[in-house]
Every structure is written in C-alpha cells, then in structure tokens.
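Q: Sharing a structure, written as structure tokens. Questions coming.
Protein chains: 2
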Amino acid sequence: MPKQTKTYIKILEAALPLFAAFGYKGVAMRDIANTVGITAAALYNHFPNKDNLYFKALEYAFDAQVSGLAGMLAKTQTPRQRLTAFIAFWVETFGSDVILRALLQREMTDADEVRLRMLIQHVFQPIYLEVEEFLRSITSRHDPLMLFVSIAGLVMYHFETAPLRKLLPNFHPGQDEHDAIIEHVTSLLIHGLDVP
Amino acid sequence: MPKQTKTYIKILEAALPLFAAFGYKGVAMRDIANTVGITAAALYNHFPNKDNLYFKALEYAFDAQVSGLAGMLAKTQTPRQRLTAFIAFWVETFGSDVILRALLQREMTDADEVRLRMLIQHVFQPIYLEVEEFLRSITSRHDPLMLFVSIAGLVMYHFETAPLRKLLPNFHPGQDEHDAIIEHVTSLLIHGLDVP
DNA sequence: GTCTATATACCGATAGAC
DNA sequence: GTCTATCGGTATATAGAC
Numbered sequence: 002m003p004k005q006t007k008t009y010i011k012i013l014e015a016a017l018p019l020f021a022a023f024g025y026k027g028v029a030m031r032d033i034a035n036t037v038g039i040t041a042a043a044l045y046n047h048f049p050n051k052d053n054l055y056f057k058a059l060e061y062a063f064d065a066q067v068s069g070l071a072g073m074l075a076k077t078q079t080p081r082q083r084l085t086a087f088i089a090f091w092v093e094t095f096g097s098d099v100i101l102r103a104l105l106q107r108e109m110t111d112a113d114e115v116r117l118r119m120l121i122q123h124v125f126q127p128i129y130l131e132v133e134e135f136l137r138s139i140t141s142r143h144d145p146l147m148l149f150v151s152i153a154g155l156v157m158y159h160f161e162t163a164p165l166r167k168l169l170p171n172f173h174p175g176q177d178e179h180d181a182i183i184e185h186v187t188s189l190l191i192h193g194l195d196v197p
Numbered sequence: 002m003p004k005q006t007k008t009y010i011k012i013l014e015a016a017l018p019l020f021a022a023f024g025y026k027g028v029a030m031r032d033i034a035n036t037v038g039i040t041a042a043a044l045y046n047h048f049p050n051k052d053n054l055y056f057k058a059l060e061y062a063f064d065a066q067v068s069g070l071a072g073m074l075a076k077t078q079t080p081r082q083r084l085t086a087f088i089a090f091w092v093e094t095f096g097s098d099v100i101l102r103a104l105l106q107r108e109m110t111d112a113d114e115v116r117l118r119m120l121i122q123h124v125f126q127p128i129y130l131e132v133e134e135f136l137r138s139i140t141s142r143h144d145p146l147m148l149f150v151s152i153a154g155l156v157m158y159h160f161e162t163a164p165l166r167k168l169l170p171n172f173h174p175g176q177d178e179h180d181a182i183i184e185h186v187t188s189l190l191i192h193g194l195d196v197p
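Residue numbers (this note's numbering), protein chains in the order written: chain X, 2 to 197; chain U, 2 to 197.
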C-alpha cells in the first residue's frame, strides 16, 4: 500500500468535496474514481477500503488547517483586541472553507468514536488549549469549556443555518458577510444584551 | 394510498428514531418494516416510496412539537424573565428530544430545498415571529435575525457538541445538565463577557 | 393489507491480464 | 499501477397470490 504519491493526494482532494456534499454513504468509490480519472478498482492500489479512504481524506482536510492560531492571541494586545482577533480567525477559517465546515458538521452528527478523537486531536484540542487560558484571564464567571462551546456555536451557527436563514423573514444577504458576523458576534459577546 | 391509519402512524414512529440515528441512506425499508413487524413490501401500501415516507416522518415529528411557545413570552414578565423563559423553553425542547434534534441537525447539513421549507414553516418561522418582537423590545443594537441565529447557536451547540466535548480537557458531566446550560447561556447573553 | 417472489439497479471489493 | 470483468451482497420497488 503506497503512500503520499501524487495520485494518492489527487484521490484525497477529489474525494473531499464529494464527501462534504453527499456524505459517506452518498459517495460511491466509482464517483471518486471518475472524478480522478481512473477506475474504482485502481483506488484499491492506494487505499485498502472505502472506510480508510474516507478517514485519510478527513485527516488530510483537517491537518494544518487550524494551525494559524498560534501566536495570534499574543499578549501584546488588549483583551478586547485578542477576543476580536480570535472570533475573526474562527469566522475566516470556517467561513471560507465550505468543505471543511460540511465535513465537520457531518462528523458531529454521525459521532463516530474513532473519528471524533481524530477531530479533537487535529482541530479542537489545539484551539481549545490556546483559547482556554485567554478566556480564564478575562472572566471567572463562566466554566471555560462551556464558554468555549458557546462561542463556537455563536460563530458556527451563522454558517450552519445559512441555507435555512434565506427562507426566514428579515433575511438580507449582508447577514452572510464575514465582517457583519464578526462585528455582531464580538459585540454580543463583549456587551451582552443589557436586559433590564 | 390510505392515510392516518394505525399502521401508518406506527410506521412513522418506527422510522423516526432510525432516521435520526443513521440518516436517510443509513436506513433501509427492510429496517423500518422489521421494527414495525411487517415486510418491506407492505410499506408500499402506505407510502409511494422511501422519499415520501421520510418526508411524512419528518413532518410528523416536527408538527406540534414547537407549539409550546405561544404565550410563554407573555408581557406580564420582566424582559429578563422572558429571556430566561425563552432560553429554558429552547433548551428543554431540544434537550429532551434527542430524535428531534438529530433530525434537525441532519436536515441542516443536507439542506434539501423542499424539506427546509417545511422545517421553516413548522419549526423556525413560528418561533422566530414570536421572538423577534421581543428581541426588538430589548435591544436595537443587533439585527433581529442575526441575534436569533446567535441565540439558537448558543443553545444548540451545547447539544451538538455533546459527543465531542466528552473528549476535551475540563469536561465534566455537569456541563450537560439543562439547568447548567440555561444558567450559562442566559448569564452570557445578559451580561456579556465584560472584556476590558 | 400482508405475504412471497422477483425484477432491476447499485455498491464494495477481488482476480487477473497488461 | 491501471485496466476489464465479475462476484456477492444489498437496496428500492413491483407483481401477484391470499
């Protein structure tokens, strides 16, 4: 079973958008092969089975994608600037990569134990560890993990609900723009609703 | 094609947990039939095809499920009480019904145009219209729809990430409890982080 | 309205020639 | 490393007896 050859990578990059759009069961080995330009049988020279191909594709997609965070929360900034930078990073990362977001969403609903552990290791753990200390430094009112989940949901739901929101009253395209989301989320996070 | 007979309902109720757990493609007509106690062929006396069975099951699941909101935001309460009541309703509704939440999550990732419209009509539009006026009454800083999405994500992500969070540092089971989520989310919404 | 039997299609994976 | 050919399994859906 060869590794990291040129076709190996080509296969992964052909498979990713398919899995993102149609899910694991919605993509046939023949579909991936056709996209690459080979036959389904040839795929088995690179991957032992479909499961493995999917897993390697996931790993490839999430690897290095979330490495931009290091140093971004540098302490030379004010807490408010650091929060804004963090939210902006989050929005840009998942806002610009539709495939990454779709894969993540599918993995969270399918909740396969082994794949979730890989996701934690590659995506969430690095972000979480980097952010947790920062969160602790600005508030002691909230459980750090719960706050992390809240912020994640606050950001991600603006993307997850995108196809849905278009059908609601008061929708306008400006609500999809990254700057608007960043502004709205940070403002809400910093000030709250100030309810009497 | 008969309608609303006893077996018709039995089929829907047998199908729902299956679709919620394994998705549309992950459930075979045979699986549903076995759960009901009939053969797959007999299903076609009640539904023209699998697509229709799935759609009717979704409709059945979401119908009347979200009707508890009416009057809950009664204006006899203070804004803060109304906000808390709304968050509590949201958490209880989707926190206690794993099937409903899984179905919703799958629909949002698959994003089928026709089914999304049904979801809007049955679930989100009623909630949104009820809540929008309330949101407007307590703040003019935020776009109502964006604020609605933010609050939804704030609540839902504590459930969506449940299988994931167990694997993160600082996890403890108390973070899954409804009261803790309600307390955390309302507190965060009302006060914000108060970042300097 | 349910059954058995079956048509038809698709999928993952393998065998073997080149 | 890719191809053609194919096996074995499983899926939706239909036909027809009861």
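Just so it is clear, CB atoms sit at the ideal spot from N, CA and C, and this is done for glycine as well.
Which same chain residues end up closer than 8 angstroms to X:K57 when comparing Cβ atoms and leaving out the 5 residues on each side of it in sequence?
A: Cβ within range, chain order: L13, F48.
Q: Can you tell me where the alpha helix (DSSP H) holding X:E133 begins and where it ends?
A: Per DSSP, X:E133 belongs to the alpha helix (DSSP H) from 126-139.
Q: Please report the straight-line C-alpha distance between U:E161 and U:A42, rounded to a whole angstrom.
A: Using only the alpha carbons, I get a separation of about 36 angstroms.
Q: X:L117 versus chain U: which residues are under 7 angstroms apart at the beta carbon?
A: Correct list: P164, L165, L168.
Q: Rounded to a whole number of angstroms, what is the C-alpha to C-alpha distance between X:E93 and X:F87?
A: Each residue's alpha carbon lies about 10 angstroms from the other.
Q: Let me know the alpha helix (DSSP H) ranges lying completely inside the segment 2-28 of chain U, each 4 residues or longer, listed in chain order.
A: With a minimum length of 4 residues, the continuous alpha helix (DSSP H) runs that stay inside the segment 2-28 of chain U are 7-23.
Q: Looking at chain X, which residues of the segment 67-94 of chain U have a Cβ within less than 8 angstroms of any of its Cβ atoms?
A: Of all residues in the segment 67-94 of chain U, T79, P80, R81, L84 have a Cβ within less than 8 angstroms of some Cβ in chain X.
Q: How many Å lie between U:A181 and U:G175 at the Cα?
A: Spanning the two alpha carbons is a distance of roughly 7 angstroms.
Q: Since U:L70 is in the alpha helix (DSSP H), which residue starts that stretch and which ends it?
A: It is not in any alpha helix (DSSP H) - U:L70 carries neither H nor E in the DSSP assignment.
Q: So X:I139 packs on X:P80, CB below 8 angstroms; how close in whole Å?
A: Correct: roughly 5 angstroms between the Cβ atoms.
Q: Is the Cβ of X:Q1 closer than 8 angstroms to any Cβ of chain U?
A: No answer is possible for residue 1 of chain X: it lies beyond the span of chain X, which begins at 2 and ends at 197.
Q: Of the residues X:M147, X:N171, X:H159, which one's Cα is nearest the Cα of U:L189?
A: Considering only alpha carbons, the answer is X:M147.
Q: Along chain X, in chain order, which residues have C-beta atoms closer than 9 angstroms to that of U:S141?
A: None at all; the shortest Cβ gap to chain X is about 11 angstroms.
Q: Here's a check: name, in chain order, each residue in its chain whose Cβ is nearer than 7 angstroms to the Cβ of U:R83, leaving out the five neighbours to either side.
A: L74, F135, listed in sequence order.
Q: Between X:G24 and X:R107, which are expected to be in contact by the criterion C-beta below 8 angstroms, what is the C-beta distance as a whole number of angstroms?
A: 6 angstroms between Cβ atoms; contact.
Q: Quick one: which residues of the segment 25-40 of chain U get their C-beta closer than 8 angstroms to a C-beta of chain X? List them in chain order.
A: The residues in question are K26, G27.
Q: Does the Cβ of U:V115 have 16 or more other Cβ atoms within 10 Å, making it buried, or fewer, making it exposed?
A: Flag for U:V115 reads exposed.
Q: Suppose you measure from the CA of U:K26 to the CA of X:T36; what does that come to, to the nearest Å?
A: Cα to Cα, U:K26 sits roughly 22 angstroms from X:T36.
Q: According to DSSP, is X:N1 helix, strand or coil?
A: Here chain X has residues from 2 to 197 only, and residue 1 of chain X is not among them.
Q: Count the other CB atoms, across all protein chains shown, that sit within 10 Å of the CB of X:T215; report buried if there are 16 or more and exposed otherwise.
A: Here chain X covers residues 2 to 197 and nothing more, so residue 215 of chain X does not appear.
Q: How about U:A29 and U:I100: do their beta carbons lie closer than 8 angstroms?
A: Result no, Cβ atoms of U:A29 and U:I100 do not sit closer than 8 angstroms.
Q: If we call anything under 8 angstroms between Cβ atoms a contact, is U:S151 one with X:V186?
A: Cβ atoms of U:S151 and X:V186: closer than 8 angstroms.
Q: Can you give me the Cβ contacts of X:A15 inside the same chain, cut-off strictly under 8 angstroms, excluding the 5 residues immediately before and after it?
A: So the list reads I33, T36, V37, once near-sequence residues are dropped.
Q: Give the interface partners of X:I191 over in chain U, defined as CB-CB distance under 8 angstroms, in chain order.
A: What X:I191 touches in chain U: G193, L194, D195, V196.
Q: By how many angstroms is the C-alpha of X:L104 removed from the C-alpha of U:Y9?
A: Spanning the two alpha carbons is a distance of roughly 35 angstroms.
Q: Taking any Cβ of chain U, which residues in the segment 96-111 of chain X have a Cβ under 9 angstroms from it, in chain order?
A: Result list: A103, Q106, R107, E108, M109, T110, D111.
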